[in-house]
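Those protein sequences? They're chains F and R, same order as listed. Just so we're aligned, residue -14 is where the first sequence starts under the working numbering, counting upward by one. Just so we're aligned, residue 3 is where the second sequence starts under the working numbering, counting upward by one. Heads up, the beta-carbon is just placed ideally off N, CA and C, and yes, glycines get one too. Please read the structure below before turning to the comments.
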Amino acid sequence: MFAHSSLILVGHGSTVNPDSSTPTHLHADAIRQMGIFKEVACAFWKEEPSLREVLHMLSGDDVYIVPNFISEGYFTQKIIPRELELTGPVTHRQGRVLKYCEPVGNHPGITELLLRRAQEVAPGVPSGETSLIIVAHGTGLNDNSAAAAKREVQRIRALGVYAEVLNAFMEEPPYIAQWDQLASSPSVVVVPFFISDGLHSFQDIPVLLGVENERSVAASRMDVFRQNPYHLRGRTLYYGNSIGTEPQFAQLLLDQVRRFDQEHPRAYSSGLSMAADLSL
Amino acid sequence: MKDSILEALSTWLAAGRNRFGELIIKGTELCHYHDRDREDLELFTKPEAARLIATLDDADQYRPLKSAPNLRHGWKLVLKDLQEVKLALDFFYPAMLGTLLAWEQQRLAATNFRDTVARQSGMYAVTKHISNAQADELIGEFCRHDTKCLKRILWQIDTERPITTLAHQKFLPPAGPHGLGLLEPEEIPLICCEACNLLVAAARRVVKVSGE
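Next up, the structure:
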C-alpha cells in the first residue's frame, strides 16, 4: 500500500546529547526493515538531516511526516510546518504530496505502553498499594505541552489499577521535586513521559527526585534505572526509562500513518491512484 | 522500483568519484580516507553501524555536526550492495546525496542567511538583529572548510551580499550537469543550501553578547 511512499519520522535531536535521537532512529530502522515503505528517513530540529534538507533525500510520490513528539505544541504546530513549508495536513509540492500526520503522543495506544512500562519498572509490586507518577516537562511557553500527560493520567486513573495516578512536571506545578508530598502510597513508580532518554530523564529528573546529587556529564553511562528500588524520603521509589524508548512505539508511529489515511482518504499522491479512484 | 538517487550514486561512482566528505568508497566498502591503506581496521557489516561510527569522534566526543572534519578513524564498513551503501552514506552525511542530485538537476533552491534568521521564532528570534558585518565574520569562522565544516555553501548573506570571509573551497561552480566536472575528479561534494541550526544558534550568541 505504501510501496510508492516515503516516511519521515521527525525528532527533536540535540547538539550536546548523543542519545537524544537514538529512539527515533531505532523506530525508523524497525519500520524500514518491515519493507512497507519505499524509504524511511528521520529528520531533526537540532541534528542532521534538518527539516530543510530531508525532502531532498526522498524520491517517493508522497511523503508521510510523523512527529515523534509526545505532545501537540510549539514544535508540531509551528516549527515543523514552518521548516517543511507545509500548508496544512495535505501539501502539494512539485508533483509530490506531503502528508502531515498527528504526533505519536496523540495515539491512544500510549496509555497501554505507559501501563506496561510502569509494571516492568516495579515487577511484583502490588499496584493497588502504589502511586504512579507520570512526569513530563511542562512549560509556560505552550499550554499544550502538559495536556497529553494530563490526558494519559486521566485515562490510567480511570482503569483503577493503581492506588493513585498523578501528574508531575519539571517546570510547572505540581513539581516532580515534591514527589514524596504528592504521592501518598508507600511505593512510588515514576515514568518519564518523554521521547528519549536524554538530559531530562538521565540527569535532571534523577536530581529532582533525589536519587542523584548532581547532573552527570556522561549521560549514556548513567545506570539510574538499574538501581531500582530507591529507599528515599520514607518511600520505596521505582524510576523507569522514558516511554519513547519502548520498541512498541514503532507500531504507534506506523499507525499514525494509517490514521491519517482514514481521516484524509482523498489526499492523492500519483495520477494513478486518482485515476483508480475515479473509475469506481 | 526506480530510485533516482541510487542511480545517480551509481553514475558518480562509475565516473571515479569516490571521495565523499572524509570517506572513501571502494565498491561496497567504506572507510575513513586516511585509513584507506590500513589493514587493522575494525570491521562492521550493517549500514546502521554508520550511524554509530558517525556519532563520536576519535576522542569519543559527540559530533553534533556530521560534516565537521572529525570523522572517527579505525573502522571499515563492508556492505552487501549499493542500496546499503546509499543508506550508510545517508547516515554519515545525511541528505547529501539527494541534495547533490537536486543541484545537478538545477532544482536546488538555496536560502540566504537573512531569510533563514528572519523566519526564526522563540529563543532564536533575536538572530534577525545580527548585522551584516557580524554575520560575515561569524560565518568566516564558524563554517571554515579546513577545521569546521566540509560542506560547500550555496547561499549568501542576502541577495546583494556574498560571504567575503571564506576560502574559495567553500563554494560551488554553477549548478548543472557539467558543474561536477569543475571540481576535483574524485569528489562527491557535500552541499549546504541553507545556514544550519548550529550557525543560527551561534548567531544568537553573537547578538546576545553584542547586546550586553
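Can you name the start and end residues of the beta strand (DSSP E) that residue i belongs to?
{"i": "I64(F)", "result": "Segment: none, I64(F) is in no beta strand (DSSP E) and carries neither H nor E."}
{"i": "T115(F)", "result": "115 to 121"}
{"i": "I50(F)", "result": "47 to 52"}
{"i": "V82(F)", "result": "81 to 85"}
{"i": "K1(R)", "result": "As displayed, chain R neither begins before 3 nor continues past 214, which places residue 1(R) out of reach and without an answer."}
{"i": "E149(F)", "result": "149 to 154"}
{"i": "R78(F)", "result": "75 to 78"}
{"i": "L184(R)", "result": "Segment: none, L184(R) is in no beta strand (DSSP E) and carries neither H nor E."}
{"i": "F46(R)", "result": "44 to 46"}
{"i": "I180(F)", "result": "That residue, I180(F), is in no beta strand (DSSP E); it is neither H nor E in DSSP."}
{"i": "T221(F)", "result": "220 to 224"}
Between which two residues does the alpha helix (DSSP H) holding residue i run?
{"i": "D246(F)", "result": "234 to 248"}
{"i": "P8(F)", "result": "7 to 19"}
{"i": "K210(R)", "result": "199 to 213"}
{"i": "S12(R)", "result": "6 to 16"}
{"i": "W157(R)", "result": "From DSSP, W157(R) is part of no alpha helix (DSSP H); its letter is neither H nor E."}
{"i": "K88(R)", "result": "84 to 94"}
{"i": "E24(F)", "result": "Taken as a continuous stretch (DSSP letters only), E24(F) belongs to no alpha helix (DSSP H), being part of the beta strand (DSSP E) at 24 to 29."}
{"i": "F115(R)", "result": "115 to 120"}
{"i": "E105(F)", "result": "95 to 106"}
Interface residues of chain F around residue i at Cβ under 8 Å?
{"i": "R121(R)", "result": "R67"}
{"i": "Y64(R)", "result": "V1, N2, P3"}
{"i": "N199(R)", "result": "T0, W30, K31, S35"}
{"i": "D42(R)", "result": "Per Cβ cutoff of 8 Å: no residues; D42(R) is ~26 Å from chain F at best."}
{"i": "L99(R)", "result": "M42"}
Nearest to residue i by CA position, among the options, is which residue?
{"i": "S35(F)", "options": "L81(R), R74(R), K68(R), R21(R)", "result": "K68(R)"}
{"i": "V(-5)(F)", "options": "V48(F), G20(F), M19(F)", "result": "V48(F)"}
{"i": "R17(F)", "options": "Q247(F), L239(F), F179(F)", "result": "L239(F)"}
{"i": "R218(F)", "options": "H185(F), Q166(F), E248(F), L184(F)", "result": "Q166(F)"}
{"i": "L45(R)", "options": "A111(R), H75(R), Q158(R)", "result": "H75(R)"}
{"i": "V106(F)", "options": "V25(F), L237(F), T9(F), V176(F)", "result": "V176(F)"}
{"i": "H(-3)(F)", "options": "Q188(F), T7(F), S(-10)(F), H(-11)(F)", "result": "T7(F)"}
{"i": "A52(R)", "options": "A127(R), H34(R), E41(R)", "result": "H34(R)"}
{"i": "A121(F)", "options": "S186(F), G94(F), S169(F), Q212(F)", "result": "S186(F)"}
{"i": "W30(F)", "options": "E24(F), F22(F), M19(F), L69(F)", "result": "L69(F)"}
{"i": "S149(R)", "options": "L15(R), Q158(R), P71(R)", "result": "One point to set straight first is that residue 149(R) is Thr, not Ser, in the sequence displayed. The shortest Cα separation from T149(R) among L15(R), Q158(R), P71(R) belongs to P71(R)."}
{"i": "N152(F)", "options": "Q139(F), P66(F), A143(F)", "result": "Q139(F)"}
{"i": "R207(R)", "options": "S133(R), P179(R), K88(R)", "result": "S133(R)"}
{"i": "V39(F)", "options": "I27(R), L58(R), K28(R), L102(R)", "result": "L102(R)"}
{"i": "V25(F)", "options": "A143(F), S169(F), L(-8)(F), L144(F)", "result": "L(-8)(F)"}
{"i": "T96(F)", "options": "A252(F), E137(F), Q104(F)", "result": "E137(F)"}
{"i": "R243(F)", "options": "I65(F), Y85(F), R81(F)", "result": "Y85(F)"}
{"i": "K210(R)", "options": "Y64(R), E106(R), A127(R)", "result": "A127(R)"}
{"i": "S181(F)", "options": "L11(F), Y59(F), E149(F)", "result": "L11(F)"}
Report all residues from its chain with a CB closer than 8 Å to the CB of residue i; omit the five preceding and five following residues, and keep chain order.
{"i": "E9(R)", "result": "none"}
{"i": "Y123(F)", "result": "As written in the sequence, residue 123(F) is Gly, which differs from the Tyr given in the question. Counting only Cβ-Cβ distances below 8 Å, and skipping sequence neighbours, we find S130, A131, A134, F154, M155, E156, E157."}
{"i": "L98(F)", "result": "I228, E231, Q233, F234, L237"}
{"i": "E57(F)", "result": "E87, P88, G90, N91, N129, A132, A133"}
{"i": "L43(R)", "result": "C33, D37, G76, W77, K78"}
Looking only at its chain, what residues have a beta carbon closer than 7 Å to the beta carbon of residue i, apart from the 5 residues adjacent to it on each side?
{"i": "R206(F)", "result": "For R206(F), the predicted structure reports a pLDDT of 48, less than 50, and the residue's modelled location is therefore unreliable. A value from the coordinates is still provided. Excluding sequence neighbours, R206(F) sits near nothing in its chain."}
{"i": "P171(F)", "result": "E114, R220, T221"}
{"i": "L84(R)", "result": "L8, L11, S12, T30"}
{"i": "W164(F)", "result": "I118, A153, V173, V175, L194"}
{"i": "T61(F)", "result": "P52, F54, P88"}
{"i": "N213(F)", "result": "V106, Y223, Y224"}
{"i": "A104(R)", "result": "L110"}
Only counting the same chain, and skipping five residues up and downstream in sequence, which positions put a Cβ closer than 6 Å to that of residue i?
{"i": "G23(R)", "result": "Y95, L152, L192"}
{"i": "E248(F)", "result": "none"}
{"i": "D189(F)", "result": "none"}
In chain F, which residues lie less than 7 Å from residue i when you measure between Cβ atoms?
{"i": "T57(R)", "result": "P3"}
{"i": "A104(R)", "result": "H41"}
{"i": "E196(R)", "result": "R37"}
{"i": "K68(R)", "result": "E33"}
So residue i and residue j are supposed to be a Cβ contact under 8 Å. How far apart are they, rounded?
{"i": "D189(R)", "j": "R21(R)", "result": "Before going further, note that residue 189(R) is Glu rather than Asp in the sequence given. Confirmed, about 5 Å."}
{"i": "A13(F)", "j": "C27(F)", "result": "5 Å"}
{"i": "V173(F)", "j": "L100(F)", "result": "Contact flag wrong, Cβ pair sits at about 16 Å."}
{"i": "I141(R)", "j": "L168(R)", "result": "7 Å"}
{"i": "L99(R)", "j": "D92(R)", "result": "7 Å"}
{"i": "F115(R)", "j": "A197(R)", "result": "5 Å"}
{"i": "A112(R)", "j": "L156(R)", "result": "4 Å"}
{"i": "K23(F)", "j": "S(-10)(F)", "result": "6 Å"}
{"i": "A137(R)", "j": "I159(R)", "result": "5 Å"}
{"i": "S169(F)", "j": "S116(F)", "result": "6 Å"}
{"i": "E106(R)", "j": "P187(R)", "result": "Actually they are not in contact, since the Cβ atoms of E106(R) and P187(R) sit about 16 Å apart, beyond 8 Å."}
Listing by chain order, which chain R residues have their CB less than 7 Å from the CB of residue i?
{"i": "S44(F)", "result": "D5, S6, I7"}
{"i": "H14(F)", "result": "The residue you asked about is not His; residue 14(F) is Asp in the sequence shown. Simply E50."}
For residue i, go through chain R and note every residue whose CB falls closer than 9 Å to its CB, in chain order.
{"i": "H10(F)", "result": "E50, R53, F93"}
Could you list which residues in chain F have their beta carbon closer than 9 Å to that of residue i, in chain order?
{"i": "E86(R)", "result": "The premise fails here: E86(R) is roughly 12 Å from chain F at the closest Cβ pair, so nothing lies under 9 Å."}
{"i": "P164(R)", "result": "None at all; the shortest Cβ gap to chain F is about 21 Å."}
**Request:** Check each residue of the region 54 to 79 of chain F: if its Cβ is closer than 9 Å to any Cβ of chain B, include it; give the result in chain order.
**Result:** Absent from the structure is chain B; the protein chains it does hold are F and R.
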